[in-house]
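Written out as structure tokens, the structure is:
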């Protein structure tokens, strides 16, 4: 039931950006024909995105809420995650759909293909150096350093590896993927700690080699330590979805941003569409995509649960990074703003936490 509106909302963008094969186009036309009334308003509300998806170089990302980082660069609050086997053609289709932020990592064992991201962005001529750093024109690429590379010299070496893989002369964003190793995560003992790595990241910012730095899986104690650093985090990426909203840390970051706008922090959520529960928490099915309340809200707006969650999350100031190899889903995720959740619906989703 959620697939039909997902495809409908993406249809104008897919047609305009020439991302549909003939067979895929016919399949979507058939889907539309089965529910014409439900399709009409969705097609109408999507038309403004479709009109910018090609030709004038703006794309669907112009419709997505944005956040201005502490370095002054403005980024969209919807990006492409690239774990789960996302490879060159999937990144390529996302760029064509209008994505201007891609999250990757160095770890092949965790499902990332950093080289493929670099090649796709390079071939699209969407690197920072290709577009003279013009925000909205180039693809902001974020990579992450594996915890087995924690340590000053190891982090310096890791930065060089990412420069080569991404085919760039400087990096948009570098995060420490985890603040420490744990059993089974690392193949070797790290050279040092995240504190040592942070010094290397600060120096990379000083030299212009890296434009923003951050870390994943941050709790209150770690945030206390990060805020004492010479250069604080510009990005924090934590697990976030309707049932795991990380509310306490997010409130702290919101207060910090209000009190210290010059060192504001972007909060990013990973697994925002519920994949943590299904893949790592022992659930038989994804509780986010299958929750009755979220499905009811989606039906009320003739849209999909992923689009409802993305819309809600960005309204709460959270950047989301859903990974997808499906071009219709990619376009649909980016087109999550042709409807408006009511205050009551927003609160209904807020109340799912915990």
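Residue numbers (my numbering): 15 to 368.
Think of the CB as a built atom: it goes at the ideal place given N, C-alpha and C, for glycine as much as any other residue.
Original post:
Cβ of residue 124 within 8 Å of Cβ of residue 164?
Top reply: Not a contact, by the Cβ cut-off of 8 Å.
Subject >> Whole-angstrom C-beta distance between residue 119 and residue 191, which should lie under 8 Å >> reply: 6 Å
Subject >> Helix, strand or coil at residue 328 [DSSP, three-state] >> reply: helix
**OP:** Return the CA-CA distance between residue 228 and residue 339, expressed in angstroms with no decimal places.
**Re:** Distance from the CA atom of residue 228 to the CA atom of residue 339, rounded to whole angstroms, is 26 Å.
Original post:
Considering residue 252, what are the terminal residues of the beta strand (DSSP E) in which it resides?
Top reply: 249-253
Subject >> Per DSSP, the bridge partner or partners of residue 117 >> reply: 95, 156
**OP:** Please classify residue 273: is it buried, with 16 or more other beta-carbons within 10 angstroms of its beta-carbon, or exposed?
**Re:** exposed
Subject >> Cα-Cα separation, residue 357 to residue 80 >> reply: 21 Å
Original post:
Is the CB-CB distance between residue 244 and residue 205 below 8 Å?
Top reply: no
Original post:
Alpha carbon to alpha carbon, how far is residue 253 from residue 285?
Top reply: 6 Å
**OP:** Compare the beta carbon distance of residue 141 and residue 135 with 8 Å and say whether it is the shorter of the two.
**Re:** In contact: residue 141 and residue 135 (Cβ atoms closer than 8 Å).
Original post:
Which of the three DSSP states, helix, strand or coil, is assigned to residue 305?
Top reply: coil
Original post:
Who does residue 195 pair with in a DSSP beta bridge?
Top reply: Answer by DSSP bridge pairing: none, since residue 195 is not bridged.
Original post:
From this set, 162, 247, 275, which residue's C-alpha is nearest residue 198's C-alpha?
Top reply: 162
Original post:
Closest by CA to residue 212, which one among 321, 247, 105, 101?
Top reply: Restricting attention to 321, 247, 105, 101, the CA atom closest to the CA of residue 212 is found in 247.
Subject >> residue 174 to residue 311 span [Cα, whole Å] >> reply: 46 Å
Original post:
Nearest to residue 304 by alpha carbon, out of 183, 295, 318, 158?
Top reply: 318
**OP:** Helix, strand or coil for residue 127, going by three-state DSSP, please let me know.
**Re:** coil
Subject >> CA-to-CA distance, residue 115 to residue 159, given in whole angstroms >> reply: 18 Å
**OP:** Taking the CB atoms as reference points, tell me whether residue 256 and residue 302 lie closer together than 8 Å.
**Re:** yes
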